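Below is one structure; the comments refer to it alone.
Protein chains in written order, with my numbering: chain F, 1 to 424; chain W, 425 to 848.
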């Protein structure tokens, strides 16, 4: 499944000599995990640490605690590189501690000063769209201050919203989870349609519909769920949805609807920001989530149907039992490649996955300058999906390498009772 | 893992001659799937059908559509037994169609008349606690009317609330899902504790805490989640919970709470019955669920902490990626055994799993009269769990055969920055 160029990288055959830019600095590298974890965020850290040890085992790796806030607060610790690390490959979460923080210009300046105080000239950040934006600004700030700083980014996000690359680590596992979950929840509802008729399933994905659209991966025919799929790139009209649910339920007896957490109305504002509670007490802390509960109310009130709201929730980014094997490998190799770039003296760029061929799937790693990535948001190709849940064959093909299996569900063949005497 | 007596059954070495009671009747067997599906409900149907074909391939198997309502409505169809059925082993849901229906005495009488009209003298029901109760009443009603009817039950329920057996098929897979999900959601929250501090995770389980308590399977030390576990067997006090959350969050920085959907207050009434919506329009349709949303509000209002509600939802009973292999095997063998009992002329009983030994786990199938089961609800042994999420070693041991792995998560070993010069 993995292309030849990757095999080469994984075997470490493209070692390079340590360049001057590395040896100029002290052998200290700070590493940060930022933003929401994925199922393979630690796999990237594992690949990175393993490669660092292989290239120069005297390196001091400095962990930054709790993401970007740890950078600003100088909350640093040193990793014991003699400990076994294999378990990191398989453990979801963010073992350094992660977090969410929007950096002000002052925060950035303080962050650079904290690095200076600790005599750290190399920083690796594993994060999503916001983190790559922070990377870009960190580079500029260090230049402005005149502090020598190498910055390398490793992408991760279940949303798949980072520009310039084929896909982000974390997305394949999340897509694998969502596709299986929606297939399973659909066949379950079909069995229970006399008791309940509609399921509103909510996925993550922030402002883009990659994950939501992946929910239809196993759909083979019109009768299969999901029957309706709503991505955030298109303005959402609740009345249209209710009318569509009514039609489908009348025809099939049940209806499975998948919605993105990031659905927006005509105004362009998210319909719900209720993912976490405690807003009053935690000013500024908001998270997408909860739109499905609004739709559930509407469906049952307008149509008189029994409706359940299923939020796939945080398992999308952490379910260890639905990890895509390819995702884990790619995440590790990205970590390795980031380590190599550091020793090559590179800075100001992110490593990313490039798809070399579709069938068989093969890939390679390349570097992308932060300014090709920062501030951009990669939307789902509008040709890839439509509201009836029929995904384009090209999107199914694109998703295929991420899936742990590709089994659609079946129905029993039945015979009429009247035929019994003749055929028995 | 599987005991010797089971091997014997699985190899079919205990074939018996067809008894008079079978040959007296026409070769028609009706089969019903009732209640909420499990991940292995169809596995039992598969085992049953395969064994029927093996024992007498001329048998007509009549599917009853949508559970007990199909019995009352005479909604019967004939299965084409020449079709490949292997896929049934792996497919969640209920391929015959299931449903929920409380049978009145009149319904029962109509049901028996429907069977009579179709000349069916054998019925197999795969279902939960309510279904076994219906089985028992069906036997009595047929006797009362004077209609010759064999009734055999096959248990299934994720709740594990059926009396007289070691465990119910469906529970092992659900427990496997819940244990992994709570382990993963806990490590994810630990990584994000600067952003959100509390997760309220809700499990199924109806009135009993088996599934809820299984959430702590991977917990090794006090720091690991879940930190609080509330089962429905004990009256729930929200103020005590809030106080406990506050203490744990102050100590660890975060807190994972697992609650059963069936939590009851001092009054003995469920705190929430909001699993499905559409109550006004669907009188009588209520489902447990939603208590976590109440607790989320309370935690954020009282403690000012950012709190998220994660309902593990319907995936607990249908997630194909978390099926326990043992569960699938046991479900199939129960189906086979039910088929054998029919040909032996047995009636009025359920097949059930008996645990023969703990280490190594071995099991066998035995039959239990409906009147030892009907109307009873098997509660969680109160010694098995406590509110701090520390499960008793005996309960962990009991759960072990159901789990697809047994890996607890780890933390990184770190060193002080001050030690850097000396140790590097």
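Where a beta carbon is used, it is the ideal one built from N, C-alpha and C, also for glycine. Please read all numbers here as calculations on a predicted model, not as lab measurements.
For residue i, the three-state DSSP class (helix, strand or coil)
| i | result |
| --- | --- |
| residue 614 of chain W | helix |
| residue 102 of chain F | coil |
| residue 170 of chain F | coil |
| residue 79 of chain F | strand |
| residue 207 of chain F | coil |
| residue 725 of chain W | helix |
| residue 403 of chain F | coil |
| residue 362 of chain F | strand |
| residue 636 of chain W | helix |
| residue 32 of chain F | strand |
| residue 46 of chain F | helix |
| residue 817 of chain W | helix |
| residue 281 of chain F | Reliability fails at residue 281 of chain F, whose pLDDT of 46 lies under 50, so the model's placement of it is uncertain and no value is given. |
| residue 462 of chain W | coil |
| residue 110 of chain F | helix |
| residue 564 of chain W | helix |
| residue 464 of chain F | This structure gives no information on residue 464 of chain F, because the portion of chain F shown stretches from 1 to 424. |
| residue 487 of chain W | strand |
| residue 678 of chain W | coil |
| residue 323 of chain F | coil |
| residue 152 of chain F | strand |
Per-residue contacts from residue i into chain W (C-beta, under 7 Å)
| i | result |
| --- | --- |
| residue 426 of chain F | Look at the range of chain F in this structure, 1 to 424, and you will see that residue 426 of chain F is not part of it. |
| residue 320 of chain F | 604, 608 |
| residue 69 of chain F | 618 |
Check whether residue i and residue j have beta carbons under 8 Å apart
| i | j | result |
| --- | --- | --- |
| residue 775 of chain W | residue 594 of chain W | no |
| residue 69 of chain F | residue 618 of chain W | yes |
| residue 551 of chain W | residue 459 of chain W | yes |
| residue 681 of chain W | residue 695 of chain W | no |
| residue 832 of chain W | residue 642 of chain W | yes |
| residue 779 of chain W | residue 480 of chain W | no |
| residue 139 of chain F | residue 348 of chain F | yes |
| residue 801 of chain W | residue 584 of chain W | no |
| residue 798 of chain W | residue 557 of chain W | yes |
| residue 289 of chain F | residue 275 of chain F | yes |
| residue 731 of chain W | residue 620 of chain W | yes |
| residue 203 of chain F | residue 316 of chain F | yes |
Inter-residue spacing [alpha-carbon to alpha-carbon] between residue i and residue j
| i | j | result |
| --- | --- | --- |
| residue 136 of chain F | residue 264 of chain F | 29 Å |
| residue 293 of chain F | residue 200 of chain F | 8 Å |
| residue 442 of chain F | residue 517 of chain W | There is no way to answer for residue 442 of chain F, as the model of chain F reaches only from 1 to 424. |
| residue 210 of chain F | residue 188 of chain F | 24 Å |
| residue 353 of chain F | residue 331 of chain F | 9 Å |
| residue 501 of chain W | residue 452 of chain W | 12 Å |
| residue 606 of chain W | residue 614 of chain W | 12 Å |
| residue 412 of chain F | residue 757 of chain W | 21 Å |
| residue 722 of chain W | residue 555 of chain W | 37 Å |
| residue 114 of chain F | residue 711 of chain W | 54 Å |
| residue 30 of chain F | residue 122 of chain F | 6 Å |
| residue 74 of chain F | residue 839 of chain W | 15 Å |
| residue 654 of chain W | residue 719 of chain W | 12 Å |
| residue 241 of chain F | residue 471 of chain W | 41 Å |
| residue 151 of chain F | residue 65 of chain F | 17 Å |
| residue 162 of chain F | residue 233 of chain F | 15 Å |
| residue 448 of chain W | residue 535 of chain W | Note that residue 448 of chain W scores a pLDDT of 41, beneath 50, so its modelled location is shaky and nothing firm can be said. |
| residue 406 of chain F | residue 523 of chain W | 28 Å |
| residue 770 of chain W | residue 805 of chain W | 32 Å |
| residue 515 of chain W | residue 220 of chain F | 15 Å |
| residue 410 of chain F | residue 469 of chain W | 15 Å |
| residue 596 of chain W | residue 580 of chain W | 11 Å |
CB contact below 8 Å: residue i versus chain C
| i | result |
| --- | --- |
| residue 738 of chain W | Of the chains in the structure shown, none is chain C; the protein chains are F and W. |
Under 8 Å from the C-beta of residue i: neighbouring residues of chain W
| i | result |
| --- | --- |
| residue 187 of chain F | 515, 516, 517, 742 |
| residue 37 of chain F | 612, 615, 616 |
| residue 73 of chain F | The contacting residues do not exist; residue 73 of chain F stays about 10 Å from chain W at best. |
Chain-ordered chain F contacts of residue i [CB-CB under 9 Å]
| i | result |
| --- | --- |
| residue 542 of chain W | 417 |
Chain F residues whose Cβ lies nearer than 7 Å to that of residue i
| i | result |
| --- | --- |
| residue 490 of chain W | 194 |
- Message: Count Cβ pairs between the region 205-219 of chain F and the region 174-187 of chain F that sit closer than 8 Å; are there 3 or more?
- Response: yes
- Query: Do the region 39-54 of chain F and the region 319-329 of chain F make contact, defined as three or more Cβ pairs closer than 8 Å?
  - Reply: yes
- Okay, do the region 381-391 of chain F and the region 362-370 of chain F touch, 3+ Cβ pairs below 8 Å being the bar? They do not touch, by the three-pair rule.
- Message: Across the region 721-735 of chain W and the region 651-669 of chain W, are there enough close Cβ pairs to call them in contact, namely three or more that are closer than 8 Å?
- Response: yes
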